[in-house]
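Colleague: Got a structure here, written out as structure tokens. Questions coming.
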């Protein structure tokens with residue numbers, strides 16, 4: 013379908029299209045007439061996904077697609093029903109508890125509402141508080157709670173209304189999420205964006221805590237399992253020593269409790285190794301966090317306090333080493349260690365620098381992390397001391413056993429390797445348990461970086477833009493509808509449509525003419541002397557068709573169609589009249605037995621079925637009596653009676669059609685009209701008597717499956733088929 017055709021379709025219906033656009037514009041005008049001003053507030057939250065300052069619990073890779081997924085998850089959680097319900101509870105509780113509520117619904121209408129009639133607002137407020145504290149949703153299947161849901165709708169605090177005016181999105185490719193809310197009250201908008209972030213963090217922390225507890229329970233069971241496996245390996249070695257090795261040892265070298273001490277040392281060694289692994293990881297993460305905070309500004313604290321603290325720390329570490337080497341059972345040394353630990357806390361640097369207020373938070377955080385790292389380093393040093401002690405004791409016992417029983421040392425080495433593997437598995441499991449514990453105790457990365465403030469002026473209404481878009485949309489929609497209807501329209505309105513749908517060659521097009529105002533003869537033969545511009549389109553199109561017929565070289569031509577009411581009779585007469593204007597003599601033969609309109613219109617003698625040339629001369633007076641003059645010079649006609657029969661059924665043995673060549677001595681052209689192909693076989697029977705066949709199609713008809721079968725027939729008689737004529741074309745579609 014060409015663009016010109018589409019443009020002309022739209023141009024013809026321009027007033028309808030413009031009327032639709034104008035209607036849409038007027039409708040939008042009235043719909044926005046009572047639109048209230050809306051005030052927008054914005055809050056902003058930092059997620060920490062791209063730049064994190066907390067201790068990471070795993071070695072995450074900086075993965076942009078994964079970060080995008082995290083942002084989408086956060087936005088989905090912020091706008092989830094759970095969080096928005098908590099926000100709606102908070103809003104309704106605030107309004108029911110305040111003398112200056114944000115929303116003031118018309119309570120007189122509540123009496124007409126069956127759910128709100130007689131509602132106790134104080135009881136409703138208490139129920140909302142209970143649901144808010146327990147983070148539970150209202151259930152619509154319970155009438156009391158359904159009543160509360162209806163109350164939320166009256167205050168416009170239901171989820172659907174909140175979502176309508178809420179917008180949450182990531183700010184470009186940054187670490188921030190923006191939250192916008194619009195309402196009729198500037199204070200309400202600011203309150204909503206700030207409260208929404210609080211409710212999200214509250215919900216997220218609760219959810220995170222629940223997940224962490226589940227992880228800790230699962231990891232605790234794994235730790236216990238690994239510990240049991242380690243104890244089993246140690247006990248296996250102990251039993252082996254008791255059964256196979258002790259009998260070969262000198263009683264002076266090995267006492268009664270030596271073997272039990274070996275098992276205790278190995279168990280303690282495993283515990284401390286797992287502890288060292290966990291402490292090293294925590295110290296590493298704290299160091300990374302301190303590095304991310306930048307260079308420390310030296311706080312102006314008292315030098316004496318720092319010196320005292322480090323002296324106490326050194327004394328504590330030395331005493332702790334002696335305590336471990338002595339077996340860890342000396343109560344006096346334990347009491348001194350506790351006293352030193354208490355004094356270190358008192359002497360620890362306050363970490364509060366005398367700098368400007370803008371760096372107080374960072375300095376305090378750095379001081380806290382530094383103190384935590386010092387404590388962890390102390391614990392690490394203590395654990396390493398214990399490991400050295402346990403290994404030295406185990407080494408002494410191992411050398412004694414190897415010296416006294418060298419043949420047993422291979423089995424002992426195998427048992428030691430099994431204990432080492434079990435120790436490693438136990439250490440890893442315990443480290444994961446520590447990480448899960450840290451996650452449960454830690455805080456989320458989400459920080460509100462921008463707090464919503466009440467807007468000073470309302471948002472632009474954009475009413476003119478809305479009206480313009482409505483009008484434009486109406487025009488576009490109406491245009492698309494007309495284009496769609498034209499696309500699905502199977503009528504052959506234009507020459508282009510005809511050729512696209514049929515694939516037949518087109519001899520010519522004839523425009524539609526209203527013959528009620530003037531008869532056909534006048535339309536074709538009456539030439540207006542004053543019309544120097546030749547504005548009679550019907551006559552000009554007939555002249556073009558006449559030229560094509562004359563150029564074809566065919567003189568006996570059968571005119572047919574696929575369906576009735578295509579305009580064959582009228583077009584056949586018009587063509588004959590046009591040929592007469594060019595001094596051609598034409599004979600019309602009505603062979604359309606199912607509809608002999610050509611005979612009726614010209615008041616012709618119905619003689620075709622009766623004539624037989626047997627024993628007669630074609631030039632005799634008998635033949636001349638068969639012909640009727642149409643009233644137009646050089647145009648004659650032979651009519652038929654018509655009936656329910658075909659040419660082969662009704663025509664005599666030596667009928668007139670067998671002698672058409674004789675008539676060509678008198679006439680230049682013989683034009684025959686055949687019955688429609690879809691319902692009758694007349695045209696196929698008459699084709700043998702014609703030199704050419706012309707198909708006539710009406711521009712108001714559609715191409716149906718039956719038409720396609722008839723079109724196939726036209727393509728099989730290539731030697732005779734001259735082409736098609738598109739009749740009754742709208743004058744505006746002639747050139748399309």
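Residue numbers (this note's numbering): 13 to 748.
Note that beta-carbon positions come from the ideal geometry of N, C-alpha and C, so glycine has one too.
#1: Which runs of the alpha helix (DSSP H) fall wholly inside the region 153–238 and span at least 4 residues, in chain order?
#2: Would residue 703 and residue 598 qualify as a contact pair, given that the criterion is a beta-carbon distance under 7 Å?
#3: Could you name the residues of the same chain whose beta carbon sits closer than 7 Å to that of residue 560, not counting the 5 residues immediately before and after it, in chain order?
#4: Give the DSSP bridge partners of residue 647, in chain order.
#5: How many angstroms separate the CA atom of residue 312 from the CA atom of residue 382?
#6: Could you check which residue in 56, 39, 43 and 23 has the C-alpha nearest to that of residue 465?
#7: Check for me: the alpha helix (DSSP H) holding residue 28 runs from which residue to which?
#8: To the nearest angstrom, report how far apart residue 694 and residue 688 are at their CA atoms.
#9: Please list the terminal residues of the continuous alpha helix (DSSP H) segment that includes residue 143.
#10: I need the straight-line Cα distance from residue 636 to residue 581, nearest angstrom please.
#11: Considering only the alpha carbon of each residue, which of 26, 200, 49 and 45 lies closest to residue 469?
#12: Would you say residue 715 and residue 737 are within 7 Å of each other, going by their C-beta atoms?
#13: Out of 145, 146, 161 and 669, which one is the CA nearest neighbour of residue 788?
#14: How would you label residue 731, buried or exposed, when you count the other beta carbons within 10 angstroms and need 16 or more for buried?
#15: Rounded to the nearest angstrom, what separates residue 562 and residue 35 at their Cα positions?
#16: For residue 164, I'd like the list of residues in its chain whose CB is within less than 7 Å of its CB, leaving aside the five on either flank, ordered along the chain.
#17: Locate the beta strand (DSSP E) running through residue 736, then write down its first and last residues.
#18: Ends of the alpha helix (DSSP H) at residue 488?
#19: Comparing alpha-carbon positions, which option in 554, 483 and 573 lies nearest residue 718?
#20: So, are the CB atoms of residue 10 and residue 188 less than 7 Å apart?
#21: Do residue 185 and residue 437 count as a contact pair if the criterion is CB distance below 7 Å?
#22: For residue 299, count neighbouring C-beta atoms within 10 Å of its own C-beta (all shown protein chains included) and say buried if the count is 16 or more, exposed if not.
#23: Measure the alpha-carbon distance for residue 262 versus residue 280 and round it to whole angstroms.
#24: Kindly give me the distance between the Cβ atoms of residue 504 and residue 513, rounded to whole angstroms, as I take these residues to be in contact under 8 Å.
#25: At the level of alpha carbons, what is the spacing between residue 458 and residue 109?
#26: Identify every run of the beta strand (DSSP E) within the region 640–718, keeping only runs that are complete inside it and at least 3 residues long; order them along the chain.
#27: Using a 10 Å radius around the Cβ and a threshold of 16 neighbouring Cβ atoms, would you call residue 206 buried or exposed?
#28: Tell me the DSSP bridge mates of residue 618?
#29: Can you give me the C-alpha to C-alpha distance between residue 67 and residue 435, rounded to a whole angstrom?
#30: Name the DSSP bridge partner or partners of residue 462?
#31: Compare the C-alpha of residue 293 against each of 348, 232 and 388 and name the closest.
#32: Are residue 690 and residue 722 close, meaning C-beta to C-beta below 7 Å?
Modeller: Walking through what the data contain:
#1: 155–166 and 171–177
#2: no
#3: 519 and 520
#4: 598
#5: Because residue 312 carries a pLDDT of 43, less than 50, the predicted location of this residue cannot be relied on, and no value is offered for it.
#6: 56
#7: 26–43
#8: 8 Å
#9: 133–146
#10: 23 Å
#11: 49
#12: no
#13: Outside the shown range of the chain, which is 13 to 748, sits residue 788, and nothing can be said about it.
#14: exposed
#15: 55 Å
#16: 100, 104 and 170
#17: 733–741
#18: 475–500
#19: 573
#20: Only positions 13 to 748 of the chain appear in the structure, and residue 10 is not among them; the question remains open.
#21: no
#22: exposed
#23: The pLDDT assigned to residue 262 is 48, lower than 50, so where the model puts this residue is not dependable, and the model offers no usable value.
#24: 6 Å
#25: 30 Å
#26: 647–650, 681–685 and 704–710
#27: buried
#28: 651
#29: In this prediction, residue 67 scores a pLDDT of 41, lower than 50, which makes its location untrustworthy; no coordinate-derived value is stated.
#30: 56
#31: 388
#32: yes
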